[in-house]
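Here is the structure we will look at, set down as structure tokens.
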Amino acid sequence: MKRTFFLIILLVSFQIITAQQVNVKGKVLNSSGNPVPYVNVIVENTQLGTTTDEEGNFSLYVTQLPTVLTFSHISYEEKKVKVVDQEFLTITLKEKVLELEKIFVSAIRAEKGKTPIAFSNITKEEIALIYTVEDVPMVLAYEPGIYAYSESGNGTGYSYVSIRGFDQSKIAVMIDNVPLNDNESHQVYWVDHTDILSDAQDVQIQRGIGNSLYGSSAFGGSINVLTEISRDIPYASLTLGKGSFNTNKIRAKFSTRDLLSKNFTINARVTQTTSDGYREYHDSFQRAGFLGIEHRTNNLTNQFRALIGYENTNLVWDGVPAELIKNRKLRRKSYKAYTDDFLQQIYSLNTKWEINEKLFLSNVAYLVKGAGYYKNYVTDKNYYEYNLDIYNEYPDSVELKLESSFWRRRWIVNTYYGTVPTITYKAKSYRIDIGGELRYYKGNHFGEVKGFSDSTLNEKITKVYGKKWYKYYQYYGMKTPYSFFIHTVYNIHNKLVLVGDLQYQYIKWKLDQKKIGHAAGHKLTATWPFFNPRFGIIYNLTDNLSVFANYGKAHKEPADDQIIDADDVWSEPVMAAAEVIDDYELGIDYISNLFSMSLNYYYIKYFNEQLKNIDVEQEGEYDYYSADRTLHSGLEFDFAMKPADNIALHLNFTYNNHKYISGFYKNNKLPYTPVVLTNVLLKYRVSDFFFVYGNAKYVGKQFIDSNNLGKIDPYFIADVGLNIKLKNFDINLKVNNLFDTLYETFGYGYEWNGTYYAFYWPGATRNIFGSITFKL
138 MKRTFFLIIL LVSFQIITAQ QVNVKGKVLN SSGNPVPYVN VIVENTQLGT TTDEEGNFSL
198 YVTQLPTVLT FSHISYEEKK VKVVDQEFLT ITLKEKVLEL EKIFVSAIRA EKGKTPIAFS
258 NITKEEIALI YTVEDVPMVL AYEPGIYAYS ESGNGTGYSY VSIRGFDQSK IAVMIDNVPL
318 NDNESHQVYW VDHTDILSDA QDVQIQRGIG NSLYGSSAFG GSINVLTEIS RDIPYASLTL
378 GKGSFNTNKI RAKFSTRDLL SKNFTINARV TQTTSDGYRE YHDSFQRAGF LGIEHRTNNL
438 TNQFRALIGY ENTNLVWDGV PAELIKNRKL RRKSYKAYTD DFLQQIYSLN TKWEINEKLF
498 LSNVAYLVKG AGYYKNYVTD KNYYEYNLDI YNEYPDSVEL KLESSFWRRR WIVNTYYGTV
558 PTITYKAKSY RIDIGGELRY YKGNHFGEVK GFSDSTLNEK ITKVYGKKWY KYYQYYGMKT
618 PYSFFIHTVY NIHNKLVLVG DLQYQYIKWK LDQKKIGHAA GHKLTATWPF FNPRFGIIYN
678 LTDNLSVFAN YGKAHKEPAD DQIIDADDVW SEPVMAAAEV IDDYELGIDY ISNLFSMSLN
738 YYYIKYFNEQ LKNIDVEQEG EYDYYSADRT LHSGLEFDFA MKPADNIALH LNFTYNNHKY
798 ISGFYKNNKL PYTPVVLTNV LLKYRVSDFF FVYGNAKYVG KQFIDSNNLG KIDPYFIADV
858 GLNIKLKNFD INLKVNNLFD TLYETFGYGY EWNGTYYAFY WPGATRNIFG SITFKL
């Protein structure tokens, strides 16, 4: 079936490429007769199009004449032109008053030449070209300083991303300006949001503290996925995709405007993604739905979004022993361990109100709900730890010796909601944003067991609880973060821009552990007040060249399980201090008609860094340990050019030098940080509807322990793909790991009796994914 599917794609592609085309050329001018660059030129009712160059010229291939071209630009009124022959066209566009969302840029969003930080944007067009079925981290890994991997090996299911070596618990992640990091662990669960990139308008990645004014503290950086609602043309599509490792995707999308009134736009999507994964017993089943409704007037825009995601994933934390990782068959072997099942719902309302030409009010209101568990079969567990002596028949010493095996589920049912109001005043030479965030979180944690191997025990518990699962622990975690910020931008003159932020955070935390059996019933509270100043400067040496410098301080409160493992009867609370960084950065940016480049250096002093290793004795658990002082420094280079109208090259390089500077591991490298990261992406437009691309990635050595005994070897992988866009359908085909390289993406190790043991998560060998999108 899979071979037939790809054969159809290739046959259709060949017919399309060889079809006859008509070339239409022209020039776009404004009302003053000056050329207008970057105008979108689209063939009506299709996705075919191009953009004008710096001189306003365009060249576009169409399948037939006559046809209608639509010319659109952010600063000009849209214009439709009927083309009946191949004569050179001269098009004049009329300037327009900018809409609210175009003239008002959120204080958390970075802009070139205006924001003194290192950042990159992934546009909707770039996503459409390279994205197929993989989770978000795997697409982000094309950008500078970013490393990504998945437990399954093929980019589906549980996936992880790091920026500058900081894992995602130390990255501020948002979807549509809604904080996404888990309130208790700071982690991010991309598996809940399959196919979110198909809705993305763009993704902005800020490296370092950046403009993170609320939400989780950004140490390594921040990621904000903005989904699209507005569309100029009503749209409906159905996508069918299939690939290696029994990977399948089906997606239906719908978009319309003026359905309720001329000011309303509606966008909706449903997706189902399934995959067996590269590793055995790493299969995933994911479903997601998206609904966006926008209402706009001249000075007010409201955008409501509902994002609902469900996943059921099998996974194994145990890695492959080092002696087997190069064996093509044995590296994929595993066993059935955990099943993870979770449903998350995100509802948000983004409001922008232009009170007058200088005063703006914006607000983000959100509600996030989640419910799910992870389940596994545990063996030889004693009665004491799981409170299985329900009749209190035995003394503690006997309970510790009595054992049984059974199924275990650990649940979390949580809700958090909040609001982020911001008022902005924009004058000719300065801008001030004043705002804050108020959020409330509550998580209900409980554990259940069932199906005991001890028949006597099974009979006793069934007699009291019937067929229900038996609850052996429960606790509630509550958190109320407040934040207040002032963001200022001052243009001293055309060349010099000063930026300053002051942020105050106050976090109130409470844990209420219920007394069940031998659980002590702890009631814990803590508060963390943080003051975070940030300052930056940009100097524009020329219209093309600018330099920047910035300094920022950030704090992060401990994760809950750094204080207590409340589901462990033996755990006692410990004092856990906040983490603190001082971030210093320098950068230079150059932009011209031919190419653009940026180079930046970061130097981060880190105090009380919390590090973690996989607990080899408790699968699914981490061991935390702290480093008094560490140093994170590095160099990032990003380069893009268009040597020809139909060729684009994007290259980036990162060098990381992260090390302990005190304590037992002094001068050792920090684990899980590739020393070098390099990406090269080459895009070639064969015609206006046919694109091919190739990406090469080099990942340098990274250690897997603080002693620097075990390491992941450097590796090089390459991907190639093609994308065909026609009036009624699109074709997307991608080959990952073209050269069938054997490589590892994550690992852990430990010493025992003088011998070092290392284990690794393997990356997938050569694999393919293709899809066809039918458009209405």
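In the working numbering, the protein residues as written are 138 to 913. Glycine included, C-beta positions come from ideal geometry on N, C-alpha and C.
With 16 or more other CB atoms across the displayed protein chains lying within 10 angstroms of its CB, histidine 419 is buried.
Within the DSSP secondary-structure output, phenylalanine 543 pairs in a beta bridge with Val515. With a beta-carbon spacing of about 18 Å, isoleucine 254 and asparagine 314 fall beyond the 8 Å limit used to define contacts. Boundaries of the alpha helix (DSSP H) harbouring alanine 265: 261-267, taken from the DSSP string. If you draw a straight line from the Cα of glycine 673 to the Cα of threonine 200, it comes to about 51 Å. Within the stretch 519-600, the runs of alpha helix (DSSP H) at least 4 residues long that lie entirely inside it are, in chain order, 520-523, 533-536. Under the DSSP assignment, glutamine 650 falls in the beta strand (DSSP E) whose first and last residues are 633-650. Secondary structure of lysine 803 (DSSP, three-state): coil. The Cβ atoms of asparagine 451 and glutamate 491 lie no closer than 9 Å to each other.
Looking only at His769, Ile784, Asn832, the smallest Cα-Cα distance to asparagine 804 is reached by His769.
For the pair threonine 516 and asparagine 500, the CB atoms are not nearer than the 9 Å cut-off. Our two residues, tyrosine 721 and glutamate 224, have alpha carbons roughly 56 Å apart in a direct line. Rounded to whole angstroms, the separation of the alpha carbons of aspartate 190 and glutamate 262 is 17 Å.
For aspartate 719, the enclosing beta strand (DSSP E) begins and ends at 716-728. Minimum Cα-Cα distance from valine 328 among the listed residues Ala696, Ile264, Val298, Gly352 corresponds to Val298. When the Cα atoms are used, tyrosine 602 and isoleucine 527 turn out to be separated by approximately 11 Å.
Restricting attention to Ala663, Asp825, Ile728, Tyr739, the CA atom closest to the CA of methionine 778 is found in Ile728. Within the model, the alpha-carbon separation for isoleucine 598 versus serine 534 is close to 21 Å. Excluding sequence positions up to five before and after leucine 818, its CB lies within less than 7 Å of the CB of Tyr279, His787, Tyr830, Asn832, all in the same chain and listed in chain order. Setting aside the 5 residues that flank it on each side, histidine 655 is surrounded in the same chain by Tyr521, Glu522, Asn524, Asp533, Val706, each with a C-beta closer than 8 Å to its C-beta; the list follows chain order. Counting only runs of at least 3 residues, the stretch 781-861 fully encloses the following beta strand (DSSP E) elements, listed from N- to C-terminal order: 784-797, 813-824, 827-836. Of the residues assessed, serine 169 falls on the exposed side of the cut-off, its CB having fewer than 16 other CB atoms within 10 angstroms. The beta carbon of aspartate 704 lies closer than 8 Å to those of Arg547, His582, Gly584, Tyr610, Tyr612 in the same chain, with the five residues before and after it left out. For arginine 442, DSSP records a beta bridge to Gly429, Ser485. When DSSP states are grouped into helix, strand and coil, alanine 355 belongs to the coil group. Of all C-beta pairs linking the stretch 586-596 to the stretch 628-647, fewer than three are shorter than 8 Å, placing the two stretches out of contact. In the structure shown, the three-state DSSP call for proline 274 is helix.
With fewer than 16 other Cβ atoms from the protein chains shown falling within 10 Å of its own Cβ, lysine 217 counts as exposed.
A straight line joining the alpha-carbon of isoleucine 312 with that of valine 362 spans about 5 Å. Between the stretch 837-849 and the stretch 884-900, the count of C-beta pairs closer than 8 Å reaches three or more; the two stretches touch. In the DSSP annotation of this structure, the continuous segment of the alpha helix (DSSP H) that includes isoleucine 700 starts and ends at 697-700. Listed in chain order, the non-local C-beta contacts of leucine 575 below 7 Å within the same chain comprise Gly555, Thr556, Tyr619, local neighbours out to five positions each way being set aside.
For serine 209, the uninterrupted beta strand (DSSP E) segment begins and ends at 204-210. Judged by their CB atoms, alanine 691 and isoleucine 346 are nearer to each other than the 9 Å cut-off. About 7 Å separates the CB atoms of aspartate 775 and serine 257; that is less than 8 Å, so the two are in contact. Listed in chain order, the non-local C-beta contacts of lysine 579 below 7 Å within the same chain comprise Asn551, Thr552, Tyr613, Met615, local neighbours out to five positions each way being set aside.
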